[in-house]
Every structure is written in C-alpha cells, then in structure tokens.
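Working notes, beginning with the structure itself.
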Amino acid sequence: AQRVTQPEKLLSVFKGAPVELKCNYSYSGSPELFWYVQYSRQRLQLLLRHISRESIKGFTADLNKGETSFHLKKPFAQEEDSAMYYCALSGSARQLTFGSGTQLTVLP
Amino acid sequence: GAVVSQHPSWVICKSGTSVKIECRSLDFQATTMFWYRQFPKQSLMLMATSNEGSKATYEQGVEKDKFLINHASLTLSTLTVTSAHPEDSSFYICAGDKNTEAFFGQGTRLTVV
C-alpha cells in the first residue's frame with residue numbers, strides 16, 4: 025500500500041522567511057513524488073516532480089529515500105505563495121495518492 | 108500544459124435522483140482519467156481509474172454500482188452518481204493523464220438535498 029503523510033495542516037511564516045513543508049511517504053517500490061498546489065479558488069496544479077529536479081517559483085524538493093521524505097522548501101517565502109500544498113505519490117499504476125495537505129499562509 | 112474541463116461546476120439534486128458529471132480533456136487525448144472525491148478540509152481520495160474503452164478500476168470501498176464511470180472516448184469520461192443520498196454530497200474532481208502527469212479539472216460541487 026502507498027501512503028503519504030503531511031504532518032502539518034497549517035503553516036504560517038513571515039514574508040522573506042524560509043519555509044519547509046514536510047512530506048513523508050510509504051511505498052515498497054520506486055515511487056514518483058510530486059508537489060501540487062491549489063491557490064484560492066483555482067484548480068489543483070502541478071508545482072514540481074522529483075524526477076525533473078527543477079526549481080519552480082523558487083521551490084525545490086529533494087527525494088530522500090533513506091528517510092522516505094520529499095520535503096518542499098523555499099528560502100524566501102512570498103505572500104503569493106499562500107496556498108494549499110499537497111504532496112503526492114505515484115506508484116506503478118500511475119495513480120496519485122495524496123497527502124492531507126498543508127495550508128501555507130505567508131504573513132506580510 | 109493541458110486543460111481538463113469538468114461540467115457542471117456545481118449541482119444540487121434531490122435525494123434518489125441521479126447526477127452525471129462530465130470530464131473532458133480539451134487539448135489532449137487522455138486514455139486514462141482519474142476520479143477523486145474531496146470532503147471539506149480533507150485530502151483527495153481516489154475513487155476510480157477509468158481507461159478509454161474498458162471498465163473502470165474502483166478503489167476499495169467505492170461502490171461501482173453507485174458511482175458509474177464511462178470513458179467512451181479519448182477526451183471524455185463521465186461519473187454518474189446514481190440514487191444520490193445526502194451523504195454523497197461532496198466535491199468531485201477528475202484528472203486526465205498526459206505523459207504520466209495528471210491535469211485536474213476544476214471540480215464539481217454536488218449537494219444532495
């Protein structure tokens with residue numbers, strides 16, 4: 025079975041401060057990990073995926089197989105980063121399993 | 108990117124009636140589409156995976172006779188909630204698979220009264 029855990033439901037940081045959204049996963053094979061973001065009143069959209077190793081909107085995430093983690097980080101948070109963030113895992117069947125989400129609020 | 112459109116965005120129906128939700132991939136062909144359900148302040152729960160031209164694969168605990176999924180073409184999948192009850196009220200989201208990336212529809216808010 026595959027499972028994704030996001031321990032923080034809510035996270036608030038001040039503008040300019042670093043932010044880290046935690047994600048841990050459980051999967052017996054080689055998973056593909058994603059971060060999705062949902063801005064207010066918008067649909068869910070892909071932020072980044074671990075295989076591309078890109079930095080999107082200043083966010084990065086490194087897959088740590090030893091710790092089974094895929095934490096999302098940004099060195100300097102911006103107010104427009106306020107949104108709901110979901111970590112997701114795709115196994116062999118290509119189905120996405122989502123974590124419970126973290127609501128990030130960046131304070132001015 | 109790619110665009111997936113859901114219709115309707117919201118619907119209110121009477122208990123006992125059936126409701127159909129459409130999910131269309133507008134600019135790509137989606138051989139696989141996913142249907143999710145999201146309760147308030149909770150995560151997305153996968154209900155079923157639909158593959159064009161074949162039967163949908165339902166997740167454990169999802170009643171296939173209640174949530175009928177049809178994926179008759181490469182650009183359209185439909186979810187029909189049959190004999191709806193108030194507990195079926197939820198937010199339903201579909202996603203189309205393009206090159207192993209999922210593109211989501213805007214969701215459908217179903218309220219059963």
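Going down the list, the sequences are from chains A and B.
Read in order, the letters of the first sequence correspond to residues 25 to 132 in the working numbering.
Read in order, the letters of the second sequence correspond to residues 108 to 220 in the working numbering.
C-beta atoms are modelled at their ideal positions from N, C-alpha and C, and glycine is treated no differently.
- Less than 8 Å separates the beta-carbon of residue 101 of chain A from that of residue 39 of chain A.
- Here residue 56 of chain A carries a strand assignment [DSSP, helix/strand/coil].
- Closest option to residue 103 of chain A, judged by alpha-carbon separation, among A:37, A:29, A:30, A:28: A:37.
- A residue is called buried once 16 or more other Cβ atoms fall within 10 Å of its Cβ, and residue 178 of chain B is buried on that count.
- For residue 44 of chain A, the three-state secondary structure derived from DSSP is strand.
- Per the C-alpha coordinates, the member of A:108, A:128, A:94, A:131 positioned closest to residue 56 of chain A is A:94.
- The continuous beta strand (DSSP E) containing residue 128 of chain B extends over residues 126 to 132.
- For residue 166 of chain B, the secondary structure class from DSSP, reduced to helix, strand or coil, is coil.
- DSSP lists B:144, B:215 as the beta-bridge partner residues of residue 199 of chain B.
- Shown here for residue 74 of chain A: same chain residues with a beta carbon closer than 8 Å to its own, the five before and five after excluded, namely 56, 57, 58, 85, 86, 87, 94 in chain order.
- In the DSSP secondary-structure assignment, residue 109 of chain A is bridged to A:61, A:126.
- By the Cβ rule, the stretch 184 to 201 of chain B counts as touching the stretch 126 to 139 of chain B, because three or more pairs are nearer than 8 Å.
- The secondary-structure analysis by DSSP pairs residue 154 of chain B with nothing; it has no beta-bridge partner.
- Residues of the stretch 178 to 211 of chain B that bring their beta carbon within less than 9 Å of a beta carbon in chain A comprise 200, 202, 204, 207, 208, 209, 210, 211, in sequence order.
- Burial check for residue 63 of chain A: the Cβ neighbour count within 10 Å stays below 16, so the residue is exposed.
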